[in-house]
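Chains as they are written, first to last, in the numbering used here: chain B, 1 to 186; chain Z, 1001 to 1398; chain C, 2001 to 2161. In this text, a Cβ means the ideal position worked out from N, Cα and C, and glycines have one as well. Scroll down for the structure; my scribbles are underneath it.
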Amino acid sequence: MNQSDQNEFVNSIQSKFQNSSVEFDTLKIEVDSQSWVDTHKTLKAEFDLKFFNWLSAVDWDNDVKIGDAPKEPVTPSFEIISCLSKTNSDDLVISSTKISKEDPQIDSLVEVFGGANWHEREAYEMFGINFLNHPNLKKLYLPDAYEGNPLLKSFELISREVKPWPGEVDVEGMPEDNIVVSEEGS
Amino acid sequence: MAQTMDPNNMPILSEASVSVEIETEDMTLNIGPQHPSTHGVLRLVAKINGEKISSVEPVLGYMHRGYEKLAEVRTYPQVTTLVNRIDWVSGFANEIPFIAGAEKLMEIEVPERAQYIRLILTEMARISSHFVFNGAFPLEIGALTPIFLAMEDRERVLDLLESVTGGRFHPNFNRIGGVKPAAGAGPTTKKDIQDLPAGFYHDTKVAMQKVLEAVDRFEDLIGGNEVFQIRTKNVGVLPKEVAEEYGVSGPILRASGVEFDLRKQSNYLPYDKFDFEIPIGENGDCFDRWSVRTSEMRESAKIILQAIEDMPSGPIQAKVPKVIKVPKGQTYVRAENPKGEMGYYIISEGGLGPYRLKIRTASFSNISILPIMLEGALLPDLIAIMGSLDFVLGDVDR
Amino acid sequence: MQKFKPRIPGFLTGLKIVIGNMFKTLLPFFENPNVNYPFEKEILAPRTRGVIALDSEACTSCMLCARSCPDWCIYIEGHKELQPPSKPGGRQRSRAVLDRFDIDYALCMYCGICVEVCPFDALFWSPEYEYSEFSMGDMLHDKDRLDEWLKTVPEGPGLES
């Protein structure tokens, strides 16, 4: 947890990768989708980041069926995020890349890190992203006959559609309808 | 002179028969979702040849509840109540990285007393989770006594958690900025401050003394038992490189010889003020995983006894607005949960709830090594290896 | 890490513990950790979250609890009543009257957000837990039943100095 070692690590990553930023104590680099596998090979070999933490995806869209839309308009795309870290210090790097929504595909990381197998299967079934050269790309959590990709922003949450919100019953009725003048004072 | 047989050189009588080449196919054994040893609803499709396993394929998803989708329609306090149901054995420890991430995005400084209370309750959750492990793992090996002793000692720790927070497994005690400040927002309930109740220090000291005695008793009863040692030593050895490549964390990584504990490396809670050790294993077999977790219980009890001695005074929640809106940003915060490393990647767009919440759980990465470790193992060893990994299906499936 | 050499052979340790615990449970003058439910009941901590009690006089139907429930299990309906003015010549005041306040305990997840956001001191926690029913529909507690739970709300524990 040495502060100067951490700064040295951050500086070395930032000098190698141009598109990097440190926000809220998290170091994040952005790379091109063509060099996704090469980036990870470099991170594993040169920077000693051998611990594969996780891999996931984000659906950026302006037209959302659940929750709130992003504040400023974004171009609809998928962002693939992976996280690598070390086992002798607290250094951690988050790498991200953007791919298009119409034809979502990217190379698989299974040859570089064996642990990416299950994480990529989960991203495949939740978002519909095709990972090329994956040995076993089939559904992980959902039953085989399930249709659709649940974590897309265009996928509705049925339990919130079916039941009306109990907080919306209005206490203030129209003045002619609901007011009852009570007989006894209180 | 009687002829004695040397036990190492007995003639093998079966080789005297005619050997015939028979074509056999591996049998597919479904260690199905309903099974007392799989810690929940985990299904393993195993292809076995006699008693040896040739391949194992885990089938997950029987407990998938869709946390990441549910979190997108809820506000931050509501997500906090959902999140302590992920790893239901150690309820308090699941909220900590999520709240720490939201506090980082809002740039709020947590008061010291709240950090100490969080630390004490997290270590109690760790002791509770390791008691369940010490009860359930020998039960799967075949020992029927330790589970009763473990559950009885665990009740004291759960009673302490209940007296502070109100819930044994799902405390829902963390708030953004500290811990729960008051019982309500009205004129009298605002004065009912939810700080540590009267008698807490005395009850905790008694409970921690009993925990230290219980750990000594477990080490004698379970670790000293010859049958347990034969069934767990040199069984399920996990080398360091495989563990790092697959993202295995927590006591399993430490049992394989890697000295990595987020309590010492990171600063999400003030662990640097206390004096404790980290037990490291040598071989990476099931026995080392058991002994690392049992030694961790002792260290946690020592931390709690030290924390009670010098507890600072002060407020238990920082000043936060009534309606919480987290500003735009992305961050990843991780913590050392009893089962491993748990982290939350929060992408916030300035609304009442997160835009995307990625939950990184420990057991999901921990059981991704099952297909590798179980190749060539015997069928009874499968039960010992799965028990020693100590996973919970809520953590795996979210 | 200590070496595991048992002080006495393993199975004798096991036997000692089993027989010791057996005597502890059977003979009366040892401290028996078992509680013979349903004839004896445990004493729970005052902050235990058992059931939610409602003080319907204090409720003003502001809907804050129904809106902040993560499960949408609180159903509130109310209307406004006009009352004669308190002093002659003053204006008429309107008071909110509660028609219906139901909590569906089959959906409730006992998180406590409703109790915490209520600004009028109308909801309280109580450690009662014996209200299970044979049919799920009976788990919807209406206003009168929630008023009855108010008698079981305990005094809070004092604070640690």
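Proximal residues of chain Z, C-beta to C-beta of C:LEU2159 below 8 Å = ILE1193, ASP1195, LEU1196, PRO1197, ALA1198
Original post:
Could you give the residue range of the alpha helix (DSSP H) that holds Z:ASP1288?
Top reply: 1286-1309
Next on the checklist: Measuring CB atoms only, is the stretch 1166-1177 of chain Z touching the stretch 2096-2107 of chain C, in the sense that at least three cross pairs come out at less than 8 Å?
Outcome noted: no
- Task: Could I get the ranges of all uninterrupted beta strand (DSSP E) runs contained in the stretch 2007-2057 of chain C, with 3 residues as the minimum, in chain order?
- Result: 2051-2054
Q) Do you know how far the Cα of C:GLY2137 is from the Cα of C:HIS2079? A) 26 Å
Going by alpha carbons, who is nearest to B:SER100 out of B:LEU43, B:ASP61, B:LYS71? B:ASP61
- Query: Using a beta-carbon distance below 9 Å, is Z:GLU1241 in contact with chain B?
  - Reply: yes
I want to know whether the stretch 2020-2035 of chain C touches the stretch 2100-2116 of chain C - three or more CB-CB distances under 8 Å. no
Notebook entry, point to check: Does any CB atom of chain B fall closer than 9 Å to the CB of C:TYR2075?
Noted result: yes
Subject >> N-terminal and C-terminal residue of the alpha helix (DSSP H) that B:TRP118 is part of >> reply: 116-127
By the 7 Å beta-carbon criterion, what residues does the stretch 41-66 of chain B contribute toward chain Z?
LYS50, PHE51, PHE52, ASN53, TRP54, SER56, VAL58, ILE66
In or out: Z:MET1106 buried (at least 16 other Cβ within 10 Å) or exposed? buried
Review point. DSSP puts Z:GLU1349 in a beta bridge; with which residues?
Key: DSSP lists no partner for Z:GLU1349.
Inter-residue CB distance, C:LEU2107 and C:ASP2071 (contact presumed, cutoff 8 Å): 5 Å
Residue closest to C:GLU2148, alpha-carbon to alpha-carbon, out of C:ILE2074, C:PRO2157, C:LEU2123, C:CYS2073: C:LEU2123
| field | Closer than 9 Å to chain Z by CB, C:PRO2046 | value | yes
| Whole runs of the beta strand (DSSP E) within the stretch 28-99 of chain B, excluding any shorter than 3 residues | 51-60, 77-85, 92-99
Inset, instruction - Could you name the residues of the same chain whose beta carbon sits closer than 8 Å to that of C:GLY2050, not counting the 5 residues immediately before and after it, in chain order? - result: LEU2044, TRP2125, SER2126, PRO2127, GLU2128, TYR2129
Pull out every residue of the stretch 2061-2075 of chain C whose Cβ sits closer than 7 Å to any Cβ of chain B, in chain order. SER2061, MET2063, ALA2066, ARG2067, TRP2072, ILE2074, TYR2075
Subject >> Cβ-based burial, C:ASP2144 [other Cβ within 10 Å; buried from 16] >> reply: exposed
| query | Which residues of chain Z have a Cβ atom closer than 7 Å to the Cβ of C:GLY2156, listed in chain order? | reply | ASP1192
For this session: Count the other C-beta atoms from every protein chain shown that fall within 10 angstroms of the C-beta of B:ASP91, then say buried if there are 16 or more, exposed otherwise.
Result: buried
request  = Look at the Cβ atom of Z:ALA1071, then the Cβ atom of Z:LEU1082, and state whether they are nearer than 9 Å.
outcome  = yes
Run the CB neighbour count on Z:GLY1223, radius 10 Å, all protein chains shown included, and call it buried at 16 or more, exposed below. buried
### Task
Can you pull the chain C residues whose beta carbon is under 8 Å from the beta carbon of Z:TYR1076, in chain order?
Ordered by position in chain C, no residue passes the 8 Å Cβ test against Z:TYR1076, which lies about 11 Å from the chain.
**Message:** Let's test the definition: count the other Cβ atoms within 10 Å of the Cβ of B:SER56 and tell me whether it reaches 16, buried, or not, exposed.
**Reply:** buried
inquiry  = With a threshold of 9 Å between beta carbons, is Z:ASP1159 in contact with chain C?
reply    = yes
Answer with yes or no whether the minimum CB distance from B:ASN118 to chain Z is below 9 Å.
-> Rather than Asn, the amino acid found at residue 118 of chain B in this sequence is Trp. True, the Cβ-Cβ gap to chain Z drops below 9 Å.
Between the CA atoms of Z:ALA1307 and Z:SER1249 - distance to the nearest angstrom = 26 Å
Which residues, taken in chain order from the stretch 99-123 of chain B, show a beta carbon closer than 8 Å to some beta carbon of chain Z?
PHE113, GLY114, GLY115, ASN117, TRP118
Any C-beta of chain C under 9 Å from that of Z:SER1163:
yes
Three-state secondary structure assigned by DSSP to B:ASN19: coil
Does the Cβ-Cβ distance between B:ASN117 and B:ASN136 come in under 9 Å?
yes
Is it true that the CB of B:THR75 sits closer than 9 Å to the CB of B:ASP32? no
- prompt: At which residues does the beta strand (DSSP E) containing C:LYS2079 begin and terminate?
  reply: It is worth fixing the name first, because residue 2079 of chain C is His in this sequence and not Lys. Element bounds for C:HIS2079: 2074-2083.
Contact set between C:THR2152 and chain Z, taken where Cβ atoms lie within less than 7 Å: The premise fails here: C:THR2152 is roughly 15 Å from chain Z at the closest Cβ pair, so nothing lies under 7 Å.
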